[in-house]
Ligand SMILES: Cc1cc2nc3c(=O)[nH]c(=O)nc-3n(C[C@H](O)[C@H](O)[C@H](O)COP(=O)(O)OP(=O)(O)OC[C@H]3O[C@@H](n4cnc5c(N)ncnc54)[C@H](O)[C@@H]3O)c2cc1C
Ligand SMILES: Cc1cc2nc3c(=O)[nH]c(=O)nc-3n(C[C@H](O)[C@H](O)[C@H](O)COP(=O)(O)OP(=O)(O)OC[C@H]3O[C@@H](n4cnc5c(N)ncnc54)[C@H](O)[C@@H]3O)c2cc1C
Ligand code: SF4
Ligand code: SF4
Ligand code: FES
């Protein structure tokens, strides 16, 4: 059992939890994730680690309420317990001095992006950050991003704040030289970033979110095609070379259970009512 | 009592009924049936049956106790050698092991040793007379990685000898394949959990959600004061066919299919949150126990037609005969001498068609079985919505990747000394599927026993040396 020690409502649908998990807090690195389960009947869901405090023994996660499990998670409060919290899983991102790094994060994953940015800064990189969201309401952690970046750009899908969409990135790439790009956010955003950096041959690391079950390499639910070879994202990733990922396949696989997930929600609300 | 020539049949759920539920298929002997079956044993002076049991249960002795209706004593006799009898009595390939050597088997049917073992274990559990015996005290500290049958055996043996044992399991439930792989209708999960409880009662501490190689490494375990480490991480990495279309939606590894169904209880969706999708027509590729389990689960999850696609002939099917028969009774269709060559999907990436080729048996290969060779021009297509790949598993990779100096084979199995199960690193032992490749519950337990003995000696020597 893992106790929730802090909860912050970031937007109407996005929440941050600080969870007591002392061993994981000592170990987890940017890029790694946790698999959690709320109750005996619950699903195992993966969530990226967005920060750790080894001294306090806590781990931070930031998540969007999209379906049954994430909504249940959002209902928990300080002092409540999460039944299972297996972390860290997956491989850490490669932190070193690349030179100038472009970091692109979207939606709830900006939390995870900042965890990465802190480490990249410490390694001596110059950091240019792009933070995106659907609309201005969903932009999170702007102040932290401002503080931690040498340059910050903001983008929203609807243009309600900052640039509209990611078209402006083309100009930025024309203007400046980047040694490496890290991106974490919706799969479609990561795909777009990879497509934009491809002509410039800037190494681009993406963080993939295929459906996972065990997340320890035992089921293959998370398989993705990278450079023509099948990889298990939970043990071979979740970070990969964005220029080599077969995004069509990934997106199609991520949608496979959507009809079932809807049933779960409907059933759930009948139960509650 | 008249001695019968044939085994007392074990009652089973009717096939028509059982394909609609996940309840246990075989119902077990009543005490009358058990006593009657026990009467068939000749109580041989030189019992051949024992040779076939990897943990050397004193078979005639426990059967004699059943004959005398001393059921409690019978189970104690079994537990001297086997900590998980309710499990072995159900899933051991008995006809290949103990029962194969039974003298009665030469002329007629062997004694139904497995069923009797199961009866004794169930009797104990149902009557709540579980007793926990420990012999020693004041041992050392041992870390056990994984919680499958190999690990549970090591943990139980060492705890009885007085060691402080801690188990590290990456999943949220202890039991390994017994929990995530073998279906409820063959091995009820409550039984596995009561065996785990028994190990807990011996004083073993379980850490769940603890993936070694990520949360901690073997080196760190030693640094934190453990005297020895046992690796029982199993063979859970699924193999795929490496043919086109294998990543289409609807193509599962057997492990994913079974983990969703068993560990996550997707058969109770939406009461349980984890979904599973099973189409009308399901093809399971492979011929072992795993394939049978996947096929029979698919049927229970609502598939209309379930095929087993196997590239050799019926004789070579590696699954237990009993399970093949159960599958046939339930209406699983066997397409033998057939191999898939391609999966074809629709525009949305969902599986629609499987293309296969017919095979014939040629010369024997390294395994001694006749090698299947494709028949030119025999390709054909069949409509399927779900395909489940059950062609084998190799060891879980995380520990091998994170442990420097640990020697492995090219199949990623850990290399150990035959007699002691010691790996290339001093104080680190390994056993079960992670050493042998996918095998059986009882062979994993046999390895666990050997390793426990060696670990005990190692730890006691170490403590003597350091004077603690
Ligand atoms: C490595 C990894 C890291 C992730 N990190 C975060 C994070 O930091 N914050 C966050 O909000 N979300 C994260 N996700 C996504 C998160 O796991 C899903 O949002 C969650 O599983 C949805 O569950 P649900 O029951 O609420 O919704 P559902 O209604 O079940 O599903 C909604 C969508 O979530 C995805 N999903 C469903 N089940 C799974 C599953 N078992 N594994 C992966 N994806 C699934 C599917 O694409 C589905 O369409 C991550 C996913 C992965 C694989
Ligand atoms: C579907 C199926 C049906 C079967 N049917 C039969 C049968 O009828 N009869 C029979 O005798 N055998 C059967 N087997 C084979 C038998 O189950 C295995 O041989 C046996 O379970 C192996 O035991 P083990 O202890 O070596 O490992 P496992 O049972 O595989 O357990 C390994 C455990 O280690 C954990 N683990 C892995 N890596 C780590 C890590 N890094 N850190 C922490 N924990 C880790 C895993 O999560 C798992 O719980 C079947 C197998 C399957 C898959
Ligand atoms: S443990 Fe297995 S092999 Fe040994 S007696 Fe029991 S059924 Fe037979
Ligand atoms: S060989 Fe058969 S008859 Fe003889 S003791 Fe063993 S089980 Fe009994
Ligand atoms: S989630 Fe099961 S192998 Fe990656």
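Chains as they are written, first to last, in this note's numbering: chain A, 1 to 273; chain B, 274 to 741. Backbone N, C-alpha and C fix where the C-beta goes; we use that ideal spot for every residue, glycine too.
1. Please decide whether residue 580/B counts as near chain A, where near means a Cβ-Cβ distance under 7 Å.
2. Would you list the one or two residues that DSSP bridges to residue 204/A?
3. In this structure, what does DSSP give as the bridge partners for residue 81/A?
4. For a minimum of 3 consecutive residues, which ranges assigned as the beta strand (DSSP E) are wholly contained in the region 625-666 of chain B?
5. Residues of chain A with a CB under 9 Å from the CB of residue 532/B: which are they?
6. I want to check one thing, is the minimum distance from the CB of residue 618/B to the heavy atoms of ligand 3 below 6 Å?
7. What's the gap between the Cα of residue 294/B and the Cα of residue 573/B?
8. Just the Cα atoms here: how many angstroms apart are residue 682/B and residue 238/A?
9. For residue 52/A, name the three-state secondary structure that DSSP assigns.
10. Can you give me, in chain order, the residues of the region 499-511 of chain B that have a beta carbon less than 9 Å from any beta carbon in chain A?
11. For residue 725/B, which residues of its own chain have a beta-carbon under 6 Å away from its beta-carbon, when the five flanking residues on both sides are left out?
12. Check each residue of the region 86-109 of chain A: if its Cβ is closer than 7 Å to any Cβ of chain B, include it; give the result in chain order.
13. List, in order along the chain, the chain B residues whose C-beta lies closer than 8 Å to that of residue 225/A?
14. Between residue 51/A and ligand 1, is the CB less than 6 Å from at least one heavy atom?
15. Please go through the region 556-610 of chain B and give each complete alpha helix (DSSP H) segment of 4 or more residues, from N-terminal end onward.
16. Which value, in whole angstroms, describes the spacing of the CA atoms of residue 58/A and residue 639/B?
17. Taking only three categories from DSSP, how would you classify residue 322/B?
18. Since residue 494/B meets chain A, which of its residues come closer than 8 Å, beta carbon to beta carbon?
19. Quick one: which chain B residues come within Cβ less than 8 Å of residue 206/A?
20. Would you mind telling me which residues of chain A sit closer than 8 Å to residue 537/B, beta carbon to beta carbon, in chain order?
21. Could you work out which residue in 69/A, 51/A, 68/A, 67/A is closest to residue 61/A when comparing CA atoms only?
22. Thinking just about the alpha-carbon of each residue, which of 37/A, 145/A, 209/A is nearest to the one in residue 31/A?
23. Answer yes if the region 611-626 of chain B comes into contact with the region 301-320 of chain B, meaning at least three C-beta pairs across the two stretches below 8 Å, and no otherwise.
24. Can you pull out the residues from the region 429-453 of chain B whose beta carbon lies closer than 7 Å to at least one beta carbon of chain A?
25. Taking contact to mean 3 or more Cβ pairs, one atom from each stretch, closer than 8 Å, check whether the region 356-369 of chain B and the region 702-718 of chain B are in contact.
26. Within 7 Å (strictly less), CB to CB, does residue 33/A reach chain B?
27. Consult DSSP for residue 107/A and reduce its assignment to one of helix, strand or coil.
28. Against chain A, with Cβ distances strictly below 7 Å, would residue 490/B count as a contact?
29. Would a check of beta-carbon distances place residue 545/B closer than 7 Å to chain A?
30. Are the beta-carbon atoms of residue 450/B and residue 477/B separated by less than 7 Å?
31. Could you please give me the residues that DSSP links to residue 100/A through a beta bridge?
32. Should residue 546/B be listed as close to ligand 5, given that the test is whether its C-beta is under 6 Å from any heavy atom?
33. Can you tell me which residues fall inside 7 Å of ligand 5, judged by beta-carbon distance to its nearest heavy atom, and keep chain order?
34. Which partner residues does residue 441/B have in the DSSP bridge list?
35. Between 470/B, 503/B, 471/B, which has its C-alpha nearest residue 441/B's C-alpha?
The structure says:
1. no
2. 181/A
3. 3/A
4. 643-647, 653-656, 659-662
5. 213, 214, 218, 219, 221
6. no
7. 6 Å
8. 27 Å
9. strand
10. 507, 509, 510, 511
11. 427, 430, 431
12. 86, 88, 89
13. 520
14. no
15. 562-573, 594-603
16. 53 Å
17. helix
18. Correct list: empty, because the minimum Cβ distance to chain A is about 12 Å.
19. Near residue 206/A there are no residues of chain B at all, since even the closest Cβ is about 18 Å away, more than 8 Å.
20. 43, 44, 213
21. 51/A
22. 209/A
23. no
24. 443, 444, 445
25. yes
26. no
27. helix
28. no
29. yes
30. no
31. 126/A
32. no
33. 212/A, 213/A, 214/A, 215/A, 216/A, 217/A, 218/A, 219/A, 220/A, 221/A, 222/A, 232/A, 233/A, 234/A, 235/A, 529/B
34. 418/B, 480/B
35. 503/B
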